[in-house]
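Position in the sequence shown (from 1) plus 3 gives the number in the numbering used here.
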Amino acid sequence: MYNIAVLGDRESVMGFKALGLAVYSAETVEEARKTLHHLARDGKTAIIYLTEQYAAEMQDEIAKYKDEVMPAIILIPGKAGSLGIGMQNITDSVERAVGADIL
C-alpha cells in the first residue's frame, strides 16, 4: 500500500494529520527540498501534497518528477493563501494531455 504525504510549514500541514496522512513539516526551503527527495526516492509514497510557498522556491526539483508516474506532486495553498501556482500547474497538465486549454 502506498502513502500520501503532506509537506510544508507546520501551520499549513498539521491539520492533514487528522485525516491520516503522513505529515512532514519543514522550517526552511532546504529542509523541504531534502524531505521531498527522500519521499520521492523511498518508493512508498504515491502522492506528495506540497505547499505553494515552498514549491515557488523548488521549481527545479519539482520538474524532475513531473513526468514520473510516482510520486505525483500536487501543490496546495499554505497558511498565507494561494499563489496561483497549483492552478497553473493543473492548467498546464490538462493542456499537455488534451492539446488545448479547456479550463
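Positions of the beta carbon are idealized from the N, C-alpha and C atoms, including for glycine.
Note that the structure is a prediction, hence the values are computed from the model and not measured.
- Thinking T48 and Y5 are a contact (beta carbons under 8 Å), I'd like their distance in whole angstroms, please. With 8 Å as the limit, T48 and Y5 qualify as a contact, their Cβ atoms being about 7 Å apart.
- Please name the residue in L22, R13 and A43 whose C-alpha comes closest to that of E30. Comparing Cα-Cα distances from E30 to each of L22, R13 and A43, the minimum goes to R13.
- Is DSSP giving Y52 helix, strand or coil here? Assigned with DSSP and collapsed to three states, Y52 falls in strand.
- Query: In three-state DSSP terms, what is Y27?
  - Reply: Strand.
- Check whether the Cβ atoms of R36 and E64 lie closer than 8 Å to each other. Between R36 and E64, the gap from beta carbon to beta carbon is short of 8 Å.
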